Amino acid sequence: MTLYTILHTLWSIVGIIYVLRGSFSPASAWAWSLAMIIAPPISTLALWLTRCRTTFSPRCSHAPHYNRLQRSIATLALGELTTRNHITALHNAEQTYTSLIRDLQQARREIIFEFYIIDDDHIGSTILALLCRRARSGVKVKIIYDAVGSWRLSKKSINTLKQSGIELQRFGPPRFPYLSPDLHRRNHRKIVLIDREILYVGGINIASRYLGEGRLGYWRDDHIRIEGEAAQKAIRQIAPTLKDSFRRRTTASLCPMQFIYPSQQSPSVALQYIFQEAFSSARHSIRISTPYFLPPASLLDSICSAAQSGVEVTLIIPSRSDIALIDCGSMPSLRRAVASGVKLFRYRDGFLHSKVIIIDDSTSIIGSANMDYRSLRYNLEAAAVVYNKGLARHYTEQFMQDVAHSTAVAPRDLRSSFLGRIKEGAAQLIAPLL
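So the sequence shown is numbered by my numbering: it starts at 3 and just counts up by one.
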């Protein structure tokens, strides 16, 4: 027996013991154990990079409908219920950038600007130049950006921002050759807080591609503008160390909502449990728009169980995504969903990047999280859960417009060849990394 064989065997045994002692599902345990046998070093590195920090089960409330969802969010300490809010739905990048630029121009005291992607293109340059002007005029500006998502942000732009007096916080810069188990964990949020009175949250980054200036053409996406109590209290979540001493304007609008902003100390699967609670609370309908559909097994179970129990579940995804491997890896989940009674549509008029969930035409969830492992297990995300029938009806109307621009998918459309199934299985094995 060679030294290589001995090391390979010992490494495999130790790796399998670690997997069996961990809190993995049976399917995951089998997959990781097999991977440890085939390629121990690579599997160990992959497992280290994708390990979850914390797993837990939230206390279950039997309160009716969205009181149940409210209580679950409060139990997870993720978002306080506020009522005095005025909300504007923004259904594409053009609407969002126009509204955002207007509010930034009127900022008087403070801007917190947090995005996964900030590109050095014409829309990025326009907004960054505006932030520089506001900073030079005396407004306190802080920009938080992801080091991987915003890799196109040049050193020249960064220096200009610093020279203008803007505070910069770069999230998770890779430090090769040193690897961290949190390397894959990205700040995927897209939020702006202005004067602690106006809050933007949704799925739109700062890049010209969101205006349709790219190979995917038109992007269908969603953001919301929140003015009122939720924006005023968001500072406690976004920057808990800052003093909350601003004087407030009040709004007479009554729109109950919870702003979800899990911190790095929050359980990593918190947002997944919120989605599961929303799906299990549904009585009549669930409508989901998402660019990527690779949900963790328990979340897929919730979606399929709802459809099988008589809830009308409708799912819209892009005709093709910007990541081919995700298209391949999502096929098994899509087949199971459709077999369970989920109505599936593929958006054909551009790229659907919207991340919206509507429950019973009364509760809307709008945010940055995709329906996949990365968003729901690893990334830092943000979302707004709004309990307002008027807004939900508005989003339902937009959803039905998207359906009209989509193609219905039948079970036969999801068939794959033998080789295709192998590719799909391989893609699913690395789903946590996608």
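Think of the CB as a built atom: it goes at the ideal place given N, C-alpha and C, for glycine as much as any other residue.
For clarity, every value in this text was computed on a predicted model and none was experimentally measured.
A direct Cα-Cα distance of roughly 9 Å separates Leu133 from Val141. The criterion of a C-beta distance shorter than 7 Å is satisfied by Tyr397 and Ser366.
In the three-state reduction of the DSSP assignment, Val358 falls in the strand class.
Judged by their CB atoms, Trp153 and Phe353 are not nearer to each other than the 7 Å cut-off.
Relative to Met333, the option among Ala232, Glu314, Asp374 and Lys357 whose CA is nearest is Asp374. Comparing alpha-carbon positions, the option among His407, Gly369 and Ala394 lying closest to Ile319 turns out to be His407. By a beta-carbon distance limit of 8 Å, Asp363 contacts Ala394. Their separation comes to about 5 Å.
For Gln260, the secondary structure class from DSSP, reduced to helix, strand or coil, is strand.
Contact between the region 107 to 119 and the region 185 to 192 is present: 3 or more CB-CB pairs across the two stretches fall below 8 Å.
For Ile120, no alpha helix (DSSP H) segment is defined, and its DSSP state is neither H nor E. With respect to the C-alpha of Arg423, the residue from Phe347, Ser335, Lys357 and Ile89 having the closest C-alpha is Ser335. A direct Cα-Cα distance of roughly 24 Å separates Arg73 from Val315. Here Ile228 is near Leu201, since their CB atoms are less than 7 Å apart. Counting C-beta atoms within 10 angstroms of its own C-beta, Pro298 has 16 or more neighbours from the protein chains shown and is therefore classed as buried. Shown here for Glu112: same chain residues with a beta carbon closer than 7 Å to its own, the five before and five after excluded, namely Val141, Lys142, Asp197 and Arg198 in chain order. The beta-bridge partner set that DSSP reports for Val411 consists of Leu346. Within the region 373 to 411, the runs of alpha helix (DSSP H) at least 4 residues long that lie entirely inside it are, in chain order, 391 to 406. Under a 10 Å Cβ-count criterion, Ala339 is classified as buried, with 16 or more other Cβ atoms of the shown protein chains found around its own Cβ.
In the same chain as Leu302, and ignoring 5 residues on each side of it, the C-beta atoms closer than 8 Å to its own belong to Ser335, Arg338 and Ala339, in chain order. Between Leu163 and the set Asp148, Ser307, Ala137 and Thr292, the nearest pair of CA atoms involves Ala137.
With contact defined as three or more Cβ pairs closer than 8 Å, the region 268 to 286 and the region 86 to 101 are not in contact. One Cα belongs to Thr46, the other to Val16, and the distance between them is close to 10 Å.
Taking C-beta separations shorter than 6 Å and ignoring five residues to either side along the sequence, the partners of Ala233 in its chain run Glu199, Ile200 and Leu201, following chain order. For a cut-off of 8 Å, the C-beta gap from Ala371 to Leu273 is around 6 Å, short enough to register as a contact. For Arg172 against Ala209, the beta-carbon gap comes to about 17 Å, at or over 8 Å, which does not count as contact. Counted as a single uninterrupted DSSP element, the beta strand (DSSP E) harbouring Val203 occupies residues Ile200 to Gly204. Close CB contacts of Gly81 within its chain, under the 6 Å cut and outside five residues either way in sequence, are with Ile75, Gln260, Phe261 and Ile262 (chain order). Here Asp224 is not near Ile39, since their CB atoms are 7 Å or more apart. The Cβ atoms of Ile89 and Cys257 lie closer than 7 Å to each other. Taking the Cα of Lys158 as reference, the smallest distance to any Cα among Pro176, Thr128, Asp122 and Leu185 is reached at Asp122.
Note on Gly204: 16 or more other CB atoms within 10 angstroms of its CB, so buried under the neighbour-count rule.
For Asn87, the uninterrupted beta strand (DSSP E) segment begins and ends at Asn87 to Leu92.
In the structure shown, Thr292 falls within a coil segment according to DSSP collapsed to helix, strand and coil.
Here DSSP, grouped into helix, strand and coil, assigns Leu78 to coil. Asp303 carries a helical assignment under DSSP once its states are collapsed to helix, strand and coil.
Taking each of Asp415, Leu36, Val388 and Asp404 in turn and checking the Cα distance to Ala280, the smallest one comes out for Val388.
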